[in-house]
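Heads up, the thing below is written out as structure tokens.
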Amino acid sequence: EAQVTQNPRYLITVTGKKLTVTCSQNMNHEYMSWYRQDPGLGLRQIYYSMNVEVTDKGDVPEGYKVSRKEKRNFPLILESPSPNQTSLYFCASSFQKYNEQFFGPGTRLTVL
Amino acid sequence: RKEVEQDPGPFNVPEGATVAFNCTYSNSASQSFFWYRQDCRKEPKLLMSVYSSGNEDGRFTAQLNRASQYISLLIRDSKLSDSATYLCVVNPYSSASKIIFGSGTRLSIRP
Chain R
1 EAQVTQNPRY LITVTGKKLT VTCSQNMNHE YMSWYRQDPG LGLRQIYYSM
51 NVEVTDKGDV PEGYKVSRKE KRNFPLILES PSPNQTSLYF CASSFQKYNE
101 QFFGPGTRLT VL
Chain C
113 RKEVEQDPGP FNVPEGATVA FNCTYSNSAS QSFFWYRQDC RKEPKLLMSV
163 YSSGNEDGRF TAQLNRASQY ISLLIRDSKL SDSATYLCVV NPYSSASKII
213 FGSGTRLSIR P
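Residue numbers (my numbering), protein chains in the order written: chain R, 1 to 112; chain C, 113 to 223.
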């Protein structure tokens, strides 16, 4: 089954404790992206990747890192999480940037 | 002016009604457009791509008006299961430009 998977689905952590949210797709998509969704603000792009080893900042990259060592994986790293990073996070992939995106199920993160 | 604007709603309509949403965009170089549906706390899912010639899928019709820079979504004979938030997406062809999601229009269908 073609899909985008994210883990964990739910995470409660404390300020400053490094965490990684994994994202994997099995559709051989070149383009992958991370979004956060907050009430009243809609979906905002954090980082995106056009292909392996090619990443770039989105609208709200501060406090996040990403890597794209393999085509299928695009982890999101929070080196020192803060409470303002409490949000619902979605990973998405598409064949290329201009095509429709497929979203993972989301990760609900709470930083205390 | 926001790059992509949607009426947030909520639209509250009776079952069987026809409802339409618009989404305006500011970048005239935008090239691909989509409508997504998002249920509460779930991931967005593609509803329709929007082509220049317009397209229809069952009860759903999407249209693009390049001159006025908006896309529209029409839902006919609405069902209770159509209750959701509808997001428009505007995608410029330039690799340097960002994909923009509208903030969504909330639709609630009542029995």
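Quick reminder that beta carbons are idealized off the backbone N, C-alpha and C, glycines included. Bear in mind that the values here come from a model prediction, so they are computed numbers and not experimental data.
(request) Could you work out which residues of chain R lie near P223(C), taking near to mean beta carbons separated by less than 9 Å? (result) Those within 9 Å of P223(C) in chain R number zero; the least Cβ separation is about 27 Å.
(request) May I ask you to list the residues that DSSP assigns as paired with I221(C)? (result) V125(C)
(message) Applying the 10 Å Cβ sphere with the 16-neighbour rule, what's the burial state of Y163(C)?
(response) exposed
(message) Tell me the rounded alpha-carbon separation between S87(R) and L219(C).
(response) 23 Å
(request) Would you kindly work out how many angstroms separate the C-alpha atoms of P156(C) and V202(C), rounded to a whole number? (result) 15 Å
(request) Have a look at P83(R), V21(R) and R72(R) and flag the residue whose alpha-carbon is nearest the alpha-carbon of K65(R). (result) V21(R)
(request) List the whole-angstrom C-beta distance separating Q150(C) from L199(C), where the pair is believed to meet the contact cut-off of C-beta under 8 Å. (result) 6 Å
(message) Can you look up D59(R) in the DSSP assignment and give me helix, strand or coil?
(response) coil
(message) Which residue marks the beginning of the beta strand (DSSP E) containing P204(C), and which one marks its end?
(response) A196 to P204
(request) Can you tell me which of the three DSSP states G85(R) falls into? (result) Residue identity check: residue 85(R) is Gln in the sequence provided, not Gly. If DSSP states are grouped into helix, strand and coil, Q85(R) belongs with the helices.
(request) Count the C-beta pairs between the segment 136-152 of chain C and the segment 44-57 of chain R that are closer than 8 Å, then say yes if the count reaches three, no if not. (result) no
(request) Classify R68(R) as buried or exposed, calling it buried when 16 or more other Cβ atoms lie within 10 Å of its own Cβ. (result) buried
(message) Nearest by alpha-carbon distance to S180(C): which of S140(C), R222(C) and S215(C) is it?
(response) S140(C)
(request) Could you tell me whether the segment 2-12 of chain R touches the segment 96-112 of chain R, where touching means 3 or more Cβ pairs closer than 8 Å? (result) yes
(request) Count the other C-beta atoms from every protein chain shown that fall within 10 angstroms of the C-beta of I211(C), then say buried if there are 16 or more, exposed otherwise. (result) buried
(message) Suppose the cutoff is 7 Å on Cβ atoms and the five residues either side in sequence are ignored; what does the same chain contact list for I221(C) look like?
(response) V125, E127, S190, K191, L192, D194 and S195
(request) Could you list which residues in chain C have their beta carbon closer than 9 Å to that of Q3(R), in chain order? (result) Ordered by position in chain C, no residue passes the 9 Å Cβ test against Q3(R), which lies about 11 Å from the chain.
(message) For A129(C), which residues in the same chain have their Cβ closer than 7 Å to its Cβ, ignoring the five residues on either side in sequence?
(response) S190
(message) Considering Cα atoms alone, identify which of C152(C), F172(C) and P204(C) is closest to F133(C).
(response) F172(C)
(request) Output yes or no for whether 8 Å exceeds the beta carbon distance between T197(C) and D119(C). (result) no
(message) Quick check on DSSP: helix, strand or coil for L192(C)?
(response) helix
(message) Does chain D have any CB closer than 8 Å to the CB of F123(C)?
(response) Absent from the structure: chain D. Protein chains present are R and C.
(request) Along the beta strand (DSSP E) that carries A132(C), what are the first and last residues, could you check? (result) V131 to Y137
(request) Using a cut-off of 8 Å between C-beta atoms, extract the partners of N203(C) located in chain R. (result) K97 and Y98
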